[in-house]
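Engineer: This is the structure I want to talk about, given as structure tokens.
Residue numbers (the working numbering): 0 to 326.
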């Protein structure tokens, strides 16, 4: 068994972590391949009209259909974005997209307020809790915005308005679409400087990991295959190429490169009867899975980068898509 140093253990742990990130990246890629379509509901604003306005401003009343509001009514606004890899055609849709309110709530009004150019979208209230949304060809990176009035149950009077949109249930029968994601338009990051310090450290780790992976794949750099010294052994007029691995107990392992056979000997006694001639070799071991490990480390670096800066990436993409909405 080879003698491992503390540095060897650290390298093994680092490669193990890289393999985990690499496997996670492969899983995400396979899942993305299985469900290439993706629709995300972006929560833009949720306002309790009665609590947020009428109770804070004296002599102010809010009317709905010429009747004063005396119950908790919410104004919901948001976007539905096609942020998948493919367009969603009408042939892929078996039933309209359905948004279901929590028990005790009901839809009052719904209106499409904006769409991407040439996108057709409309919604209609099927019953108190069910809202159906239909659209034509929904191309990648297209979106439409909407506003809705919801009569909330008493359960939400003591909660934050955003809790209502968090309780929405989306159902569909659309080919190649897994589920409807929900998110909020990312705001500029106002977290403490410590979070940015952590991101900086993760970025450095990603760069180091990527450099190591590329070095393993290309064979150049510190993680590339290094040349080594092997030995030409002559026994019974037969030449074989072997490597020597010393151990702390004074024993040396002699390994034949061609067959993989090993034997443990005292080197001083062994060389009395056997000639060993040092020779230069380009690679330590042709069967060493360095390239495979390098590929995993490279994938892990990409996954680490995406995980670290996912909120920034989403912020950029969603804002770019929404900016093209035609009111």
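C-beta: ideal position from N, C-alpha, C; glycine also.
Alpha carbons only, please: which of 271, 103, 83 and 250 is nearest the one belonging to residue 140?
Structural biologist: The candidate whose alpha carbon is nearest that of residue 140 is 83.
Engineer: What residue does the beta strand (DSSP E) around residue 130 start on, and which one ends it?
Structural biologist: Counting along the chain, the beta strand (DSSP E) containing residue 130 begins and ends at 129-134.
Engineer: Assuming contact is defined by CB atoms lying nearer than 8 Å, are residue 264 and residue 254 in contact in what I supplied?
Structural biologist: Their beta carbons are not under 8 Å apart, which means residue 264 does not touch residue 254 by this criterion.
Engineer: Kindly indicate which three-state DSSP category residue 284 falls into: helix, strand or coil?
Structural biologist: Confidence in residue 284 is poor, its pLDDT being 48 and thus under 50, which makes the residue's placement unreliable; the coordinate value appears in the next sentence. Here residue 284 sits in coil by DSSP.
Engineer: Buried or exposed: where does residue 37 fall if 16 or more other Cβ atoms within 10 Å of its Cβ makes it buried?
Structural biologist: Per the 10 Å Cβ criterion, buried.
Engineer: Kindly list the residues whose CB is nearer than 6 Å to the CB of residue 155, restricted to its own chain and excluding five residues on each side of it in sequence; keep chain order.
Structural biologist: Within the same chain, residue 155 has close Cβ partners 163.
Engineer: Between which two residues does the beta strand (DSSP E) holding residue 176 run?
Structural biologist: Per DSSP, residue 176 belongs to the beta strand (DSSP E) from 176-183.
Engineer: Between the beta-carbon of residue 152 and the beta-carbon of residue 97, is there less than 8 Å?
Structural biologist: No; because the gap between Cβ atoms is not below 8 Å, this pair is not in contact.
Engineer: At a cut-off of 7 Å, would you count residue 230 as near the ligand SAH, judging by its Cβ distance to the nearest heavy atom?
Structural biologist: With respect to the ligand SAH, the structure shown offers nothing to examine, as it has no ligands at all.
Engineer: Considering only C-alpha positions, which residue in the set 314, 301 and 40 is nearest to residue 146?
Structural biologist: Cα-wise, what sits closest to residue 146 is 40.
Engineer: Between which two residues does the alpha helix (DSSP H) containing residue 164 stretch?
Structural biologist: First-last of the alpha helix (DSSP H) with residue 164: 161-165.
Engineer: Have a look at the DSSP bridge pairing and note the partners of residue 33.
Structural biologist: Answer is none; residue 33 lacks a bridge partner.
Engineer: Round the Cβ separation of residue 100 and residue 148 to the nearest angstrom and send it over; I've been treating them as touching at under 8 Å.
Structural biologist: That belief does not hold up - the Cβ atoms of residue 100 and residue 148 are roughly 12 Å apart, past 8 Å.
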